[in-house]
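Numbering (the working numbering), first residue to last: 68 to 153. Notes for the one structure printed next.
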Ligand SMILES: [Zn+2]
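Listed below in structure tokens is the structure:
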């Protein structure tokens, strides 16, 4: 079972923001200032997809849009020196 389809499997997981097709999730631990993975999170589609290659065009576009919003959020809350996307 997948922790994004079954969020109860990971009680520390929080949906920070979302749009029609995808959501940005973080573990509550990464919200601590100065922790090693401060600000790290995942954008995942609402519908279960095995790999990124299974995303629909709409999901790709929604991921792009949400990424811009997530960057604004992280810039405001964590002031990162840069970003790693994977
Ligand atoms: Zn899933």
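We treat Cβ as the ideally placed atom computed from N, Cα and C, and that holds for glycine.
Exercise for the section: Give the secondary structure of residue 70 by DSSP, where H, G and I count as helix, E and B as strand, and everything else as coil. Expected result: Coil, per DSSP.
Exercise for the section: With a cut-off of 8 Å on the beta carbons, I'd call residue 104 and residue 97 a contact; round off their distance for me. Expected result: The Cβ separation is near 5 Å, so the contact holds.
Practice task
Can you grab the Cα-Cα spacing for the pair residue 68 / residue 79, in whole Å?
Solution key: Note on geometry: alpha-carbon atoms of residue 68 and residue 79 lie some 17 Å from one another.
Practice task
Tell me whether residue 91 counts as near ligand 1, meaning its Cβ is closer than 7 Å to at least one heavy atom of that ligand.
Solution key: Residue 91 Cβ: outside cutoff for every heavy atom of ligand 1.
Handout entry: 8 Å Cβ cutoff met for residue 113 and residue 88
Key = Yes, the pair counts as a contact, with Cβ atoms nearer than the cut-off.
Exercise for the section: Kindly examine ligand 1 and report whether one of its heavy atoms sits closer than 7 Å to the Cβ of residue 115. Expected result: Yes.
Practice task
Label residue 93 either buried or exposed according to how many other C-beta atoms from any shown protein chain fall within 10 Å of its C-beta, with 16 as the threshold for buried.
Solution key: Under this definition residue 93 is a buried residue.
Practice task
Flag residue 71 as yes when its Cβ comes closer than 7 Å to any non-hydrogen atom of ligand 1, and as no otherwise.
Solution key: For ligand 1, at least one heavy atom lies less than 7 Å from the Cβ of residue 71.
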